[in-house]
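Novice:
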Amino acid sequence: MELRKSIFSIFFFSTIAIFPLENYSQTEKANQFVIVVDPGHGGSDPGAVGINGNLEKEVVLKIAQEMIRISKLSLEDEFKIYLTRYKDSLISLGDRAKLAKGLKADVFISLHCNHSDNPDAQGLEVYVSNIKSQQSKESILLAYRIQKEISKELGFKSRGVKFANFKVLRESIAYHPAVLIELGFLSNWEEEIWLSNPENLNYLASLILVAIRKSLDL
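In our numbering, the protein residues as written are 267 to 484.
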């Protein structure tokens, strides 16, 4: 597998309309889509630890922060973006889902990195809840869109869209489309090195936003 950088034109920034908040103020304008991004783990829970020492909790928080940074470049107000954590803190899975529900999220995105005892394991996985609800179809479509955008633009191996009983998905699926993304393997030397590059994290954040926007057909 050869991970690559994607060239984003200025046009990209005119197609993404995000307006971020640094807190949980509920002052959103009418017709804004509320996006809740959940950087997995945090605090005393590092998540996966890479072969070179990179921590999952730090990688996914950086990606979430990049989504906020990119959003500040937009001049429009189509979206409002929140994080479940803005720093290295541990938030319970239930509280993450409750926060998204309380904010009346239109989309819930949980960010993670993968790990395997097999150092050759690599690629991108996107999960949706195995519990059926009125939000299941949109969740599946969003998952496939994310998988397609990242695999096509960055060269990630596609490991498919999968169904799981993860708590953050299980407690979100009744209220809004929800997906959990495993953004490569920290146990794979090539992918860990790639995920340690801030520029690459910017590309990942950009493509997740592109996929959300396309999924919402904006």
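Built from N, CA and C at the ideal position, the CB exists for glycine as well.
(1) Assess, as a yes-or-no matter, whether the segment 312-330 is touched by the segment 455-464 under the definition of 3 or more beta carbon pairs within less than 8 Å.
(2) Considering only C-alpha positions, which residue in the set L408, N384, L449 and A444 is nearest to E370?
(3) Are the CB atoms of L356 and G313 nearer to each other than 8 Å?
(4) Which term fits A430, buried or exposed, when burial requires 16 or more other beta carbons within 10 angstroms of its beta carbon?
(5) So the alpha helix (DSSP H) A387 belongs to, where does it begin and stop?
(6) Does the Cβ of D386 have 16 or more other Cβ atoms within 10 Å, making it buried, or fewer, making it exposed?
(7) What's the gap between the Cα of L390 and the Cα of K428?
(8) For the alpha helix (DSSP H) that contains Y410, what are its first and last residues?
(9) Please state whether the Cβ-Cβ distance between H442 and Q388 is less than 8 Å.
(10) To which residues of the same chain is S481 closer than 7 Å at the C-beta, ignoring the five residues directly before and after it?
(11) Go through its chain and collect everything with a Cβ distance to K323's Cβ below 6 Å, but skip five positions before and after it.
Specialist: A quick look at the data gives this:
(1) yes
(2) The sequence given here places Lys at residue 370; Glu does not occur at that position. The shortest C-alpha separation from K370 is found at A444.
(3) no
(4) Exposed, by the Cβ-count rule.
(5) Unbroken run through A387: none, as it is neither H nor E.
(6) exposed
(7) 11 Å
(8) S402 to L420
(9) no
(10) L407, L408 and R411
(11) H307, G308, P312 and G313
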